[in-house]
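**Student:**
Number of protein chains: 2
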Amino acid sequence: MTDAGVRPAESTRLLRIHEAAAEVGLTARSVRYYEELGLLKPAARSEGDYRLYDESDLERLRFIKGLRDDAGFSLAEISQLLEDEAARERDHVAYHATADPRERLRILRDRVASFEQQTQTLRTKIGRLQAMVDETEARRQRSLARIAEIERQAPE
Amino acid sequence: MTDAGVRPAESTRLLRIHEAAAEVGLTARSVRYYEELGLLKPAARSEGDYRLYDESDLERLRFIKGLRDDAGFSLAEISQLLEDEAARERDHVAYHATADPRERLRILRDRVASFEQQTQTLRTKIGRLQAMVDETEARRQRSLARIAEIERQAPE
DNA sequence: CCCAACTTTCACGTGAACGGCAAGGTTGGG
DNA sequence: CCCAACCTTGCCGTTCACGTGAAAGTTGGG
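Protein chains in written order, with my numbering: chain A, 1 to 156; chain B, 157 to 312.
1) Write down the C-beta distance between isoleucine 147/A and proline 257/B rounded to the nearest angstrom, noting that I regard them as a contact closer than 8 Å.
2) Note down the Cα distance separating valine 133/A from alanine 71/A, rounded to an integer number of angstroms.
3) From glutamate 211/B to glutamate 116/A, what distance separates their C-alpha atoms?
4) Quick one: what's got a C-beta closer than 7 Å to leucine 58/A's C-beta in the same chain, skipping five residues either side?
5) Out of Glu291/B, Leu300/B, Glu239/B, which one is the CA nearest neighbour of alanine 113/A?
6) So which residues of chain B does alanine 154/A contact, with C-beta pairs closer than 7 Å?
7) Mind checking whether the beta-carbon of leucine 75/A lies closer than 6 Å to any heavy atom of the ligand FMN?
8) Taking all protein chains shown into account, decide if glutamine 118/A is buried (16 or more other Cβ within 10 angstroms of its Cβ) or exposed.
9) If you measure between the beta carbons of isoleucine 17/A and arginine 51/A, is that distance less than 7 Å?
10) Report the three-state DSSP secondary structure of alanine 44/A (helix, strand or coil).
11) Would tyrosine 53/A pass as a contact of proline 42/A if the rule is Cβ separation under 7 Å?
12) From the beta carbon of alanine 113/A, is the nearest beta carbon of chain B less than 7 Å away?
13) Going by Cα to Cα distance, which pick from Phe219/B, Arg201/B, Ala287/B, Leu231/B is closest to glutamate 192/B?
14) Taking the alpha-carbon of tyrosine 95/A as reference, which of Arg45/A, Arg111/A, Arg62/A has the nearest alpha-carbon?
15) Would you give the residue range spanned by the alpha helix (DSSP H) that leucine 105/A belongs to?
16) If you measure between the beta carbons of arginine 216/B and leucine 237/B, is that distance less than 7 Å?
17) Under 7 Å between C-beta atoms, does valine 133/A make it to chain B?
18) So phenylalanine 63/A is in the alpha helix (DSSP H); what residue range does that whole segment cover?
19) Considering only residues of the same chain and omitting the five flanking positions on each side of threonine 27/A, which have a CB-CB separation below 8 Å?
20) Using a C-beta cutoff of 7 Å, does serine 299/B count as contacting chain A?
21) Could you check where the alpha helix (DSSP H) with serine 30/A kicks off and where it finishes?
22) If we call anything under 7 Å between Cβ atoms a contact, is isoleucine 282/B one with isoleucine 107/A?
23) Just checking: is the beta-carbon of glycine 25/A within a distance shorter than 7 Å of some beta-carbon in chain B?
24) Would you check if the distance between the CB atom of leucine 285/B and the CB atom of leucine 105/A is smaller than 7 Å?
25) In the structure shown, what three-state DSSP assignment does leucine 171/B receive?
26) Who are the near neighbours of alanine 131/A in its chain, counting only those whose CB is closer than 8 Å to its CB and skipping five residues on each side?
27) Let me check one thing: in DSSP terms, what residues is leucine 52/A bridge-paired to?
28) Glutamine 286/B touches chain A at which residues, Cβ-Cβ below 7 Å?
29) Between glutamate 235/B and the rest of its own chain, which residues show a CB-CB distance below 7 Å, the 5 nearest in sequence each way excluded?
30) Quick one: does glutamine 118/A have its CB under 7 Å from some CB of chain B?
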C-alpha cells in the first residue's frame, strides 16, 4: 500500500497508426479493420482521438499477421483464437489496476490457458501439413521406384 | 502403329462432377472454378460434354483442398505450386502415348522434381508455424515465471 | 420415346478483407 | 498562430472464391 501512483514509465513510446502498421508490416487500413472486427484496441487515444499503440499492441499485431499470412487463418478464425485473450485483454487493465495477488494470479493463469489453446491449434495445423508432406513424399518415392524399374529394364 | 485405339480399361469408374466433388468434400461450383483457373482438367468429357473425373483427378482435388484448407494457400499460390505439375499433366498424356523409356524417364524425373518443390514449400510453412508455436511457448513460460514469483511473494 | 434428374455455359450476387477518397479535425514545428 | 502533414469517421469500390439462378442440352431408367 506504500507508494500511491504505480503507473510510471511504460517505457515504450506510443506510436500512431501508420507508424505502428509499418512497424509490423501492415497497412493502417488493415489495423483499423482489425479493430472494427474486435481483434484489438489501441492502448490509448490522444487528446484529439488519434489511435496510439504500445509494444504489446505491436506484439498482438505481429501475432495476427502471422496467423493470417503464415498459418492462413481467416480473420474470423483468428478472432476465435484470440477470443479468450480478448477477454483477458479487458483483464489487462484490471491487472495493472489491482495490486491483489490473488486477482493477478487468476489473470495470469487464464493467460497461460489461452497460450496453451493457441499452441494446440497451431500444432494441429502443423500436423495436417506434415501429413501432406508425407503424402507428397510417398508419391515421390513411387515415382522414384518407377524410374528405377525403367532403368533396370532399359538401361541407357 | 499397331493396334489403333489404345485406350482400354483405366480400371476406375469415371465420376460426374457432383459425385467427384462430394467424394472429396467440395462443391461442383468450386471444381468448375478450379478448372477455370487452370488447376485441373477432367480426365474426359462424355458424349454430351459432361465432365468426367477419374481417380487421379480426385487425388488432385484432394491435394488442392488440402493446400487451401490446411495450408491456407490462396488459389493463386496453389496454381503456382501446381504449375510445374500442370505442365507435366500435359506430359501425362504423352507418358501413356509414348513407349520410349527415355521419354518416360524424363517425365518421371520432372514429376519427382515437382514433388520436391512442393514438400519444400510445405516445410517452409511448417517452419513458420513452428516459430509461432515457439513464440507462444516462450510467452507462456514468461507468464508461468511471473506466477511463480507472485506465489513466492504472497503465498496463499 | 419420355421425362425427371443431371449437366452445360453465362451471368449476376455475395461475404471477406481490405483500398481509396471525401470532408473534416489534430499535431507540432516555425 | 499557421499550415503542412497527419489523423478521424464514413462510404463506396475491388478482388477473391465461390453461391445462385436462368436457359438450354444430356442421360438413362421405364
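Every residue, glycine too, gets a C-beta built ideally from N, C-alpha and C. All of these numbers come straight from a predicted model, not from anything done at the bench.
**Tutor:** With the structure as the only source:
1) Working through the first sequence from its first residue, we reach residue 147/A at position 147. Working through the second sequence from its first residue, we reach residue 257/B at position 101. Contact flag wrong, Cβ pair sits at about 10 Å.
2) For this step, residue 133/A is matched to residue 133 along the first sequence. For this step, residue 71/A is matched to residue 71 along the first sequence. Rounded to the nearest angstrom, the two C-alpha atoms are 16 Å apart.
3) Position 55 of the second sequence, counting from 1, holds the residue named residue 211/B. Position 116 of the first sequence, counting from 1, holds the residue named residue 116/A. Taking the straight line from one Cα to the other gives about 40 Å.
4) Mapped onto the first sequence, residue 58/A falls at position 58. Non-local beta-carbon contacts of leucine 58/A in its own chain, meaning distances under 7 Å to residues more than five positions away in sequence, involve Ala20, Glu23, Val24 in chain order.
5) In the first sequence, counting from the first residue as 1, residue 113/A sits at position 113. Relative to the Cα of alanine 113/A, the nearest Cα in the group Glu291/B, Leu300/B, Glu239/B belongs to Leu300/B.
6) Locating residue 154/A in the first sequence gives position 154, counting from the first residue. Chain-ordered, the chain B residues with CB closer than 7 Å to the CB of alanine 154/A read Pro257.
7) The ligand content of the structure shown is nil, which means the ligand FMN is not present either.
8) If you number the first sequence from 1, residue 118/A lands on position 118. Buried is the call here.
9) Reading the first sequence from its first residue, position 17 is the one you call residue 17/A. Reading the first sequence from its first residue, position 51 is the one you call residue 51/A. Taking 7 Å as the cut-off, the Cβ atoms of isoleucine 17/A and arginine 51/A count as close.
10) On the first sequence, residue 44/A is found 44 positions in, with the first residue counted as 1. Looking at alanine 44/A - three-state DSSP - the assignment turns out to be strand.
11) Locating residue 53/A in the first sequence gives position 53, counting from the first residue. Locating residue 42/A in the first sequence gives position 42, counting from the first residue. Contact annotation: tyrosine 53/A and proline 42/A have beta-carbon atoms nearer than 7 Å.
12) As a first step, residue 113/A is located in the first sequence; it is residue number 113 there, counting from the start. Not one chain B Cβ lies under 7 Å of alanine 113/A.
13) Against the second sequence, residue 192/B aligns to sequence position 36. Checking every option, the nearest Cα to that of glutamate 192/B belongs to Leu231/B.
14) Within the first sequence, residue 95/A is the residue found at index 95, counting from 1. Tyrosine 95/A has its Cα closest to that of Arg111/A, out of Arg45/A, Arg111/A, Arg62/A.
15) Taking the first sequence and counting its residues from 1, one reaches residue 105/A at position 105. 101-153 is the span of the alpha helix (DSSP H), which, as asked, contains leucine 105/A.
16) Taking the second sequence and counting its residues from 1, the one referred to as residue 216/B is at position 60. Taking the second sequence and counting its residues from 1, the one referred to as residue 237/B is at position 81. With a cutoff of 7 Å on beta-carbon distance, arginine 216/B and leucine 237/B are scored as not near each other.
17) If you number the first sequence from 1, residue 133/A lands on position 133. Yes, valine 133/A lies at the interface with chain B (some Cβ there is under 7 Å from its Cβ).
18) The residue given as residue 63/A occupies position 63 in the first sequence. Note, phenylalanine 63/A: alpha helix (DSSP H), 55-69.
19) Start at 1 with the first residue of the first sequence, and residue 27/A comes out as number 27. Apart from the 5 residues on each side of it in sequence, threonine 27/A sits with its Cβ closer than 8 Å to the Cβ of Ala21 in its chain, given in chain order.
20) In the second sequence, the residue the question calls residue 299/B occupies position 143. By this cut-off, serine 299/B is an interface position.
21) Along the first sequence, read from residue 1 onward, the residue named residue 30/A stands at position 30. Per DSSP, serine 30/A belongs to the alpha helix (DSSP H) from 28-36.
22) Here residue 282/B corresponds to residue number 126 of the second sequence, with the count starting at 1. Here residue 107/A corresponds to residue number 107 of the first sequence, with the count starting at 1. Remark: C-beta atoms of isoleucine 282/B and isoleucine 107/A do not approach each other more closely than 7 Å.
23) Your numbering for residue 25/A matches position 25 in the first sequence. Residue contact with chain B for glycine 25/A: absent (no Cβ-Cβ distance below 7 Å to any residue of chain B).
24) Along the second sequence, one-based indexing puts residue 285/B at 129. Along the first sequence, one-based indexing puts residue 105/A at 105. Taking 7 Å as the Cβ cut-off, leucine 285/B and leucine 105/A do not qualify as a contacting pair.
25) Here residue 171/B refers to the residue found at position 15 when the second sequence is read from its first residue. Strand at leucine 171/B.
26) Within the first sequence, the letter at position 131 stands for residue 131/A. Nothing meets the Cβ criterion.
27) Locating residue 52/A in the first sequence gives position 52, where the first residue counts as 1. Per DSSP, Ala44/A.
28) Mapped onto the second sequence, residue 286/B falls at position 130. Going along chain A in sequence order, the residues near glutamine 286/B (Cβ under 7 Å) are Ile126.
29) In the second sequence, residue 235/B corresponds to position 79, counting from 1. Rather than glutamate, the amino acid found at residue 235/B in this sequence is serine. The beta carbon of serine 235/B lies closer than 7 Å to those of Leu193, Gly194, Leu195 in the same chain, with the five residues before and after it left out.
30) Taking the first sequence and counting its residues from 1, the one referred to as residue 118/A is at position 118. Yes - at least one Cβ of chain B is within 7 Å of the one on glutamine 118/A.
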